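Peer 1:
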């Protein structure tokens, strides 16, 4: 079990901010602390951030920048929010590769590049990166790898769309389809093959904290951006965040990024067709009464608490991780505020409704990326005076004007 242990510090208002969050929040990042400890000055670290951006521009992508955040009037009106309340949206659909995943992966890449500069690694002897994903994380990983010319292997399920695989290969990725083997235990075969590759020397370039905790480092930038925007506008951070959960690193990182400026209640959202976190929460909730974080004895009971979901299925296909790998960090986020946040499980009808509502509100978002909104639709306890944070993350891969499925 890998968790980042860093004291949260409030974010102060600033007259001017740098566009790239890895410039703006350099001194808060674990990768930068590693680099500094190995002799890299602020200018050296800035050069590494710029190197990634330059590589992204070279392959025809935008660089890493802060994404829009603000009160959405249409959604606030839809939910009958008062003037003091509202729905606040962080829109990640215009980010590199169309989601927040690049944030998680950039901190791993920056750590690797810093290790090369410090002399701990050789740039001419790079082991391949490895990731298990067939969605936004795979696109972000292959895009970043192409930007810095680092070989990458992507492990995917057998049902992956052929066109998606072709897209990854165009970015230079080696794609491995992973059928279930006779001796595989319950769980994701692509994750098993990924772990075998890592055991063989590949570098875990992934968005699961237990596989590489550095993904939780850069993931916090989304929370820091929200806190910075609120500080600059002279308003408090939202009261709670209703956030879609697959593997869990996103929700865990968002909660960690907001922790210094909260309290912000975290309500994770899963679909009825794949809800391992909600199932785990039911198992341990009686033992968490009064706790401010997950006790270590519960965290060690992975097999008893977090069991693989037997048949993951949903239109929100980016949430079909059969285990919520970062369940401890997500539950820590839930427990950071009293009363604790609780998982919200939504039906497929709510996923479809939320996707349409988000599209009508002007977001080019996928069903996965609108699942937090589905959670708010399903929540019977919402109050008109509360300020709720949603994150639209996962751009729709449909052509403009395509009907919602």
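Numbering (the working numbering), first residue to last: 2 to 406.
Each residue gets a CB set at the ideal place from its N, CA and C atoms; glycine is no exception.
Keep in mind it's a predicted model, so treat the numbers as computed, not measured.
1) Residues in the same chain with beta-carbon distance under 6 angstroms from residue 367, minus the five sequence neighbours each way, listed in chain order, please.
2) Rounded to the nearest angstrom, what separates residue 125 and residue 197 at their Cα positions?
3) For residue 157, which beta-bridge partners are listed by DSSP?
4) Specify the secondary structure class of residue 1 as computed by DSSP and reduced to three states.
5) Could you give the DSSP three-state label for residue 71: helix, strand or coil?
6) Any idea if residue 253 is buried or exposed, counting beta-carbon neighbours within 10 angstroms, 16 or more meaning buried?
7) Give me whichever residues DSSP pairs with residue 338 in a beta bridge.
8) Whose C-beta lies closer than 6 angstroms to the C-beta of residue 161 among residues of the same chain, with five residues either side of it excluded?
9) Per the DSSP calculation, residue 91 is bridged to which residue(s)?
10) Quick one: what does DSSP say residue 186 is sitting in, helix, strand or coil?
11) Please look up how many angstroms separate the CB atoms of residue 414 and residue 110, rounded, as I've assumed it's under 8 angstroms.
12) What's the gap between the Cα of residue 10 and the Cα of residue 378?
13) Determine the contact status of residue 255 and residue 244, defining contact as a CB-CB distance below 9 angstroms.
14) Here's a check: name, in chain order, each residue in its chain whose Cβ is nearer than 6 angstroms to the Cβ of residue 295, leaving out the five neighbours to either side.
15) From residue 20 to residue 30, what does the alpha carbon distance come to, in whole angstroms?
16) Is the beta carbon of residue 173 less than 9 angstroms from the beta carbon of residue 152?
17) Is it buried or exposed, residue 224, if we count other Cβ atoms within 10 angstroms and call 16 or more buried?
18) Within 10 angstroms of the Cβ of residue 339, are there 16 or more other Cβ atoms? Answer buried if so, exposed if not.
19) Using the three-state DSSP reduction, which class does residue 130 fall into: helix, strand or coil?
20) Distance check for residue 195 and residue 157, CA to CA, integer angstroms please.
21) Where residue 41 and residue 218 are concerned, what is the direct C-alpha to C-alpha distance, given to the nearest angstrom?
22) Identify, in the order they occur along the chain, each residue of the same chain with its Cβ nearer than 6 angstroms to the Cβ of residue 73, setting aside the five sequence neighbours on each side.
23) Does the separation of the CB atoms of residue 355 and residue 371 fall below 9 angstroms?
Peer 2: The short version:
1) So the list reads 395, 397, once near-sequence residues are dropped.
2) Rounded to whole angstroms, residue 125 to residue 197 spans 24 angstroms at the Cα level.
3) Checking the DSSP bridge columns, you'll see residue 157 partnered with 178.
4) Absent from the model: residue 1. The displayed extent of the chain is 2 to 406, so no value can be given.
5) Of the three classes helix, strand and coil, the one that applies to residue 71 here is strand, per DSSP.
6) By the C-beta density criterion, residue 253 is buried, having at least 16 other C-beta atoms within 10 angstroms.
7) Bridge partners of residue 338: none, in fact.
8) So the list reads 135, once near-sequence residues are dropped.
9) Beta-bridge partners of residue 91 (DSSP): 70, 392.
10) Here residue 186 carries a coil assignment [DSSP, helix/strand/coil].
11) Absent from the structure is residue 414, since the part of the chain shown begins at 2 and ends at 406.
12) If I take the Cα positions, the gap works out to 33 angstroms.
13) Between residue 255 and residue 244, the C-beta gap is smaller than 9 angstroms, which places the two residues in contact.
14) Residues 329, 332, 333 of the same chain have their beta carbon placed closer than 6 angstroms to that of residue 295, with the five preceding and five following residues left out of the count.
15) Between residue 20 and residue 30, the C-alpha separation is close to 16 angstroms.
16) For residue 173 and residue 152, yes; Cβs fall inside 9 angstroms.
17) Buried is the call here.
18) If you draw a 10 Å sphere on the C-beta of residue 339, you find fewer than 16 other C-beta atoms in it, and that means exposed.
19) In the displayed model, residue 130 falls within a strand according to three-state DSSP.
20) So the alpha carbons of these two residues sit roughly 9 angstroms apart.
21) Between the alpha carbons of residue 41 and residue 218 lies a distance of about 18 angstroms.
22) 88, 90, listed in sequence order.
23) Using a Cβ distance threshold of 9 angstroms, residue 355 and residue 371 count as a contacting pair.
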